[in-house]
Amino acid sequence: MGSSAVLLVEDNDINRDMLTRRLTRAGLTVLTAADGVSALNMMREHQPGVVLMDMTLPILDGWEATQQAKADSAISEIPIIALTAHAMAADKARAIEAGCSEYETKPIDFPILLAKIYQFLEGADT
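Okay, structure coming up:
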């Protein structure tokens, strides 16, 4: 698939479907995963250009999945944008510390999120 795909990791079906539709309408190729283990497998298999990672996930949460991704040389360079309902500064610091490149709180401000996605995808093309 390559560097133009976006991997959306979200366990809530409604949120995942809604965001997938919006990203697809924006012209992006979207892959999805519902937990951290699946996310890591998808990252290794598809090498997406950017990952949107919900931080509250079953099986393996987004914090741990991000740390594992950053420790794996095959996928460590893939930028991860944390998606969380927690808007506290400590959570943003925790996400950056875990290895996330960016942070966005829910409810998602779609134009801002889209700008961040394109920034990473365009950076991958250079």
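To convert, count from 1 in the sequence shown and add 736; that's the numbering used here. Beta carbons: idealized from backbone N, C-alpha and C, even for Gly.
Asked: Roughly how many whole angstroms lie between the Cα atoms of L857 and R757?; Found: 19 Å
Asked: Alpha carbon to alpha carbon, what distance is there between A775 and V766?; Found: 13 Å
Asked: Taking the straight line between their C-alpha atoms, what separation do you get for K842 and M754?; Found: 13 Å
Asked: Between M779 and the ligand ZN, is there a pair consisting of the residue's CB and a ligand heavy atom that are separated by less than 7 Å?; Found: Summarising the ligand content, the structure contains no ligands, and the ligand ZN is consequently not present.
Asked: Assuming A769 and L743 form a contact by the criterion Cβ under 8 Å, report the distance between their Cβ atoms to the nearest whole angstrom.; Found: 7 Å
Asked: Tell me which residues share the same chain as I795 and place their Cβ nearer than 7 Å to its Cβ, disregarding the 5 neighbours each side in the sequence.; Found: D771, G772, V773
Asked: Excluding the 5 residues flanking A831 on each side, which residues of the same chain have their C-beta closer than 6 Å to its C-beta?; Found: A818, Y839
Asked: Which ranges does the alpha helix (DSSP H) cover as unbroken runs of at least 4 residues, wholly within the stretch 797-825, from first to last along the chain?; Found: 798-807
Asked: Taking only three categories from DSSP, how would you classify T756?; Found: helix
Asked: Three-state secondary structure (DSSP) at M789?; Found: strand
Asked: Within the continuous alpha helix (DSSP H) that includes A741, where are the two ends?; Found: First-last for A741: 741-745, but that is the beta strand (DSSP E), not the alpha helix (DSSP H).
Asked: Does DSSP put L764 in a helix, in a strand, or in coil?; Found: coil
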